[in-house]
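Student:
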Amino acid sequence: MVTIKDCRRRLGPDVTFHCESFHVEPGEHVALWGPSGCGKTTMLNLIAGLLRPDSGVIEVDGSEIQDLSERQMDQFRGERFGFVFQTFNLLAPFTALQNVLLGMRFSDTRPTKEWKPRALDLLQRVGLQHRVHSKPNTLSVGEQQRVAIARALANKQKLILADEPTGSLDPKTSQGVMDLLLKLCSEEEVTLLLVTHETEIADRLERRFDCSGLVMDTTAEAPAFERNTA
Amino acid sequence: MSLWQIAWHYLWSRKLPTLLTVLSVALGVGLISAVHTLREETRRRFEEEGQAFDIVVGAKGSPLQLVLSSVYFLDRPTGNISYADFEHIRDHEDVAEAYPIGLGDTYRNYRIVGTVPELMEVRWVVDPISGRERIPFQLAEGRFFEEPLEAVVGSIVARNTGLRVGDTFTGTHGFEGGHVHDDHPYKVVGILETSGTPNDRAIFCNIEDIWLIHEEHDHDHHDETHNHDHDHDHSHDHDHHHHDHDHSHVHEFDKADHDAEDLEVTAVLVTLESPALRFTFMEYVMHETNVMAAVPVMEIQQLYSQILGTANTVLLSVAYLVVVVAALTVMIGLYLAILQRRRDLAIMRSLGASTMDIFGAVILEALLVTILGIVAGWFLGNVVSWGLGIYLTRTLGMAITAFDMSMHELRSFAIVAVFGLLAGILPAWQAYQTHVASDLTKP
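As given, the protein sequences belong to chains S and C, one line each in that order. Each residue of the first sequence is one higher than the one before, counting from 3 in my numbering. Each residue of the second sequence is one higher than the one before, counting from 79 in my numbering.
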């Protein structure tokens with residue numbers, strides 16, 4: 003589903019991201035794990051096409067994405083990726099239902115008439131059937147993250163990219179959200195790439211990819227996070 | 079969910095700034111709308127009145143003054159012409175109808191217009207396509223004048239002076255402060271329906287009453303002050319023979335006792351056999367007689383283009399300036415909103431929105447604000463026009479039809495909409511350049 007080969011991206015004058023090799027099978031749930039600053043999120047952004055590599059190959063769902071134009075990347079992203087962010091990133095002016103609908107609005111993967119039934123179904127599956135018309139600022143943090151998960155799955159995407167999805171949640175809520183995310187990803191048979199620095203969270207996924215050392219301080223010949231924490 | 083809906087939700091999410099921006103656009107558009115409405119309506123009303131008569135004939139002087147005084151009752155007459163001149167005009171083969179009018183007296187500064195009863199039956203088509211007619215003399219109550227010293231008063235006069243059918247009043251020579259003809263009281267026999275025309279603020283009587291009153295006034299005046307020079311615009315400063323008058327009852331003026339050269343009229347309202355004859359007839363009057371002719375519609379159009387046209391241009395310029403300022407408000411408001419919304423835009427991009435989707439949504443926001451401003455402004459402008467219309471009808475007898483849309487207005491609104499679109503370009507470009515990864519990671 004995802005393959006990275008010898009991918010480099012310069013992040014600063016002396017800081018470079020470099021991933022020699024990475025591969026995820028379709029339907030696999032993989033944790034990108036490591037300490038802060040190690041390059042987990044950079045790797046996720048490169049896979050999502052939000053950052054472009056300076057060199058190397060990133061292949062997603064059979065397509066090399068590093069050379070796609072901005073327009074092609076927008077379309078590719080809308081059709082194949084779902085995002086779950088640490089800060090939920092719901093759009094404040096819209097209700098829970100509208101936020102999920104927006105996940106479908108920008109891609110052409112399904113007919114318009116299917117949008118609303120699909121959105122309502124997902125909101126029911128995340129236990130928010132009673133809050134479909136609520137605005138994000140009236141939802142609890144756990145509810146907001148559940149809306150974000152519903153939105154990420156709205157298009158039956160092939161790949162869910164989750165960046166520290168439980169980072170803003172208390173342990174109990176965090177566990178509930180992880181249960182839901184893993185359950186829905188299994189039900190929908192989608193590949194999950196989840197960024198986390200928490201070992202307990204990473205251990206709940208099928209596989210853990212250690213990102214330590216992906217971002218290198220080229221002057222010190224050492225992982226950047228080690229310099230940062232020194 | 080369409081881009082329109084997305085744009086609308088973002089506008090709705092910041093109601094107060096949106097409301098203020100819409101208001102600023104509405105003020106400019108309202109001003110434009112009001113100026114257009116008032117300009118179109120006043121011109122239409124003036125021209126409709128001007129269409130009533132093909133030619134106005136009067137004493138030599140300013141043609142515009144002649145038209146304003148005799149058709150609109152707005153200015154002092156240019157002077158008087160003899161009744162013989164009137165008869166000469168009336169009997170011309172091109173003339174279909176000729177109505178003499180005699181001005182000079184007022185009642186509480188409202189013109190007393192002496193004329194013939196036939197004028198009360200005048201009507202004319204103002205819109206050849208629909209066949210819509212203007213009937214300026216319709217009675218709200220009572221009847222038209224028939225007997226000597228009977229008067230029909232316009233609706234504004236009735237309202238502002240309290241005159242009712244059966245009441246009596248006396249005219250004043252010239253305006254307030256002049257000689258009061260208290261020995262010849264008029265009796266109100268009818269009140270005109272409001273017509274939105276100058277008739278609303280005039281009093282109509284038989285022209286023979288004017289002759290009668292001024293014959294005796296001049297006679298009395300001669301008794302009191304020999305060779306006193308009048309500075310009045312009325313039609314009868316000529317000498318008259320002494321008569322024995324019994325002031326205890328209403329006198330009747332007998333035209334047969336007078337020479338046509340002795341009687342005067344202020345102006346003659348002329349309807350020709352065909353409007354196409356206007357200029358040839360005017361040429362005839364100008365060269366073959368010692369009086370003056372003017373075409374009302376032409377004079378009014380000249381007045382519009384020369385004086386009111388300039389005033390309208392100035393007002394419209396101010397209005398467009400307000401719109402430009404409003405467009406800047408739209409731009410600044412949206413620009414600041416986009417700066418605050420960079421994260422939202424990045425989220426949309428991460429959901430698959432293209433840069434053109436983002437650009438379009440912001441442009442639509444600008445357009446929506448502008449359209450709302452145009453609608454609100456049109457309403458505001460027409461409410462102002464409507465209010466002014468009520469005021470003008472009450473004071474000047476000029477009705478204004480508000481809540482109408484002219485091509486001029488539509489064109490102006492299209493220009494404002496383009497301003498709105500242009501105002502959206504900078505913020506939209508700002509949004510277009512959203513950098514997804516960095517904007518998503520910002521707190």
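Beta carbons: idealized from backbone N, C-alpha and C, even for Gly.
Since C/Gln129 and C/Val204 should fall inside the 8 angstroms C-beta cutoff, what is the C-beta to C-beta distance between them, to a whole number of angstroms?
Tutor: About 6 angstroms; that satisfies the 8 angstroms criterion.
Student: Would you mind telling me which residues of chain D sit closer than 9 angstroms to S/Phe85, beta carbon to beta carbon, in chain order?
Tutor: Checking the listed chains, one finds no chain D in this structure; the protein chains it contains are S and C.
Student: Scan the region 428-447 of chain C for residues whose Cβ lies nearer than 7 angstroms to a Cβ of chain S and list them as they occur along the chain.
Tutor: Within the region 428-447 of chain C, the residues whose Cβ lies closer than 7 angstroms to some Cβ of chain S are Ser428, Leu429, Gly430, Ala431, Ser432, Thr433, Asp435, listed in chain order.
Student: Can you tell me whether DSSP reads C/Val514 as helix, strand or coil?
Tutor: Three-state DSSP puts C/Val514 in a helix.
Student: Comparing the C-beta of C/Leu417 with each C-beta of chain S, is any distance below 8 angstroms?
Tutor: Chain S, which has no Cβ nearer than 8 angstroms to the Cβ of C/Leu417, makes this no.
Student: Which two residues bound the contiguous alpha helix (DSSP H) that contains S/Asn101?
Tutor: Counting along the chain, the alpha helix (DSSP H) containing S/Asn101 begins and ends at 98-107.
Student: Near C/Leu500, which residues of its chain fall below 6 angstroms by C-beta distance, leaving aside the five closest residues on each side in sequence?
Tutor: The answer is none, since no qualifying residue turns up.
Student: What are the boundary residues of the alpha helix (DSSP H) that S/Ser188 is part of?
Tutor: Segment 173-190, the alpha helix (DSSP H) holding S/Ser188.
Student: Would you list the residues sitting across from S/Glu61 in a DSSP beta bridge?
Tutor: For S/Glu61, which the question treats as bridged, DSSP gives the partners S/Thr5, S/Glu66.
Student: Using a Cβ cut-off of 7 angstroms, pull out every chain S residue sitting near C/Val100, in sequence order please.
Tutor: Correct list: empty, because the minimum Cβ distance to chain S is about 17 angstroms.
Student: Say whether chain S places a C-beta atom closer than 8 angstroms to the C-beta of C/Tyr88.
Tutor: So yes, C/Tyr88 belongs to the interface.
Student: Excluding the 5 residues preceding and the 5 following C/Lys138 in the sequence, name in chain order all residues of the same chain whose CB lies nearer than 8 angstroms to its CB.
Tutor: Contacts found: Thr156, Gly157, Asn368, Val369, Met370.
Student: Does any C-beta atom of chain C lie closer than 8 angstroms to the C-beta of S/Ser109?
Tutor: Chain C contact via Cβ: present.
Student: Does S/Phe96 pass the burial test, meaning 16 or more other C-beta atoms within 10 Å, or should it be called exposed?
Tutor: Buried is the call here.
Student: With a threshold of 7 angstroms on Cβ separation, who are the neighbours of C/Asp309 within its own chain once the five nearest residues in sequence on each side are excluded?
Tutor: Low confidence applies to C/Asp309: its pLDDT is 41, below 50, so where it sits in the model is not reliable, and the reading given next is rough at best. So the list is empty, once near-sequence residues are dropped.
Student: Taking C/Asp205 as part of the beta strand (DSSP E), name the residues at either end of that continuous run.
Tutor: Where C/Asp205 is concerned, the enclosing beta strand (DSSP E) stretches over 202-205.
Student: Here's the rule I'm using: 16 or more other beta-carbon atoms within 10 Å means buried, otherwise exposed. How should C/Met485 be labelled?
Tutor: C/Met485 should be labelled exposed.
Student: Skipping 5 residues on each side, what residues in its chain have a beta carbon closer than 8 angstroms to that of S/Phe78?
Tutor: Contacts found: Gly51, Val62, Ser65, Ile67, Leu70.
Student: Determine, using beta carbons only, whether S/Gln68 comes closer than 8 angstroms to chain C.
Tutor: Answer no: the Cβ-Cβ gap between S/Gln68 and chain C never drops below 8 angstroms.
Student: Whose CA, out of S/Thr89, S/Ala98, S/Glu190, lies closest to the CA of S/Lys158?
Tutor: Residue S/Glu190 is the option with its Cα nearest to S/Lys158.
Student: Any beta carbon of chain C sitting closer than 8 angstroms to that of S/Ala121?
Tutor: Not an interface residue.
Student: What do you get for S/His135, buried or exposed, if any count of 16 or more other CB atoms within 10 angstroms of its CB means buried?
Tutor: Answer is exposed; the Cβ neighbour count stays below 16.
Student: Below 8 angstroms between beta carbons: does that hold for C/Ile285 and C/Pro178?
Tutor: A contact, by the Cβ cut-off of 8 angstroms.
Student: From which residue to which residue does the beta strand (DSSP E) around C/Pro353 run?
Tutor: Counting along the chain, C/Pro353 falls outside any beta strand (DSSP E), and DSSP gives it neither H nor E.
Student: On the DSSP letters alone, give me the boundaries of the alpha helix (DSSP H) that C/Asn284 sits inside.
Tutor: Looking at the DSSP string, C/Asn284 is not in any alpha helix (DSSP H); the run it does join, the beta strand (DSSP E), is 280-284.
Student: Looking at the secondary structure, which residues open and close the alpha helix (DSSP H) in which S/Thr168 lies?
Tutor: That residue, S/Thr168, is in no alpha helix (DSSP H); it is neither H nor E in DSSP.
Student: Taking the CB atoms as reference points, tell me whether S/Ala152 and S/Val102 lie closer together than 8 angstroms.
Tutor: A contact, by the Cβ cut-off of 8 angstroms.
Student: So is C/His312 buried or exposed if we call it buried at 16+ other beta carbons inside 10 Å?
Tutor: Note that C/His312 has pLDDT 46, beneath the 50 cutoff, so the model's placement of it is unreliable and the number below is only indicative. By the 10 Å Cβ count, C/His312 comes out buried.
Student: Would you call the region 347-364 of chain C and the region 207-219 of chain C in contact, with 3 or more CB pairs under 8 angstroms?
Tutor: Judged by Cβ distances under 8 angstroms, the region 347-364 of chain C makes no contact with the region 207-219 of chain C, as fewer than three pairs qualify.
Student: Is there contact between the region 453-461 of chain C and the region 105-119 of chain C, where contact requires at least three CB pairs shorter than 8 angstroms?
Tutor: Yes: at least three Cβ pairs fall under 8 angstroms.
Student: Excluding the 5 residues preceding and the 5 following C/Gly430 in the sequence, name in chain order all residues of the same chain whose CB lies nearer than 7 angstroms to its CB.
Tutor: Closer than 7 angstroms at Cβ, skipping near neighbours: no residue.
Student: Does C/Ala85 come out as helix, strand or coil in the three-state DSSP assignment?
Tutor: It is helical.
Student: From C/Asp172, C/Tyr398, C/Val134, C/Arg123, pick the residue whose C-alpha is nearest to that of C/Leu355; which is it?
Tutor: Ranking the options by Cα distance to C/Leu355, first place goes to C/Asp172.
Student: Run through DSSP, which three-state label would C/Glu175 get?
Tutor: Three-state DSSP puts C/Glu175 in a strand.
Student: Taking only beta-carbon positions, decide if S/Leu186 is within less than 8 angstroms of chain C.
Tutor: No, its Cβ sits nowhere closer than 8 angstroms to a Cβ of chain C.
Student: Closest by CA to C/Ile159, which one among C/Ala345, C/Ala405, C/Thr479, C/Phe357?
Tutor: Among C/Ala345, C/Ala405, C/Thr479, C/Phe357, the Cα nearest to that of C/Ile159 belongs to C/Ala345.
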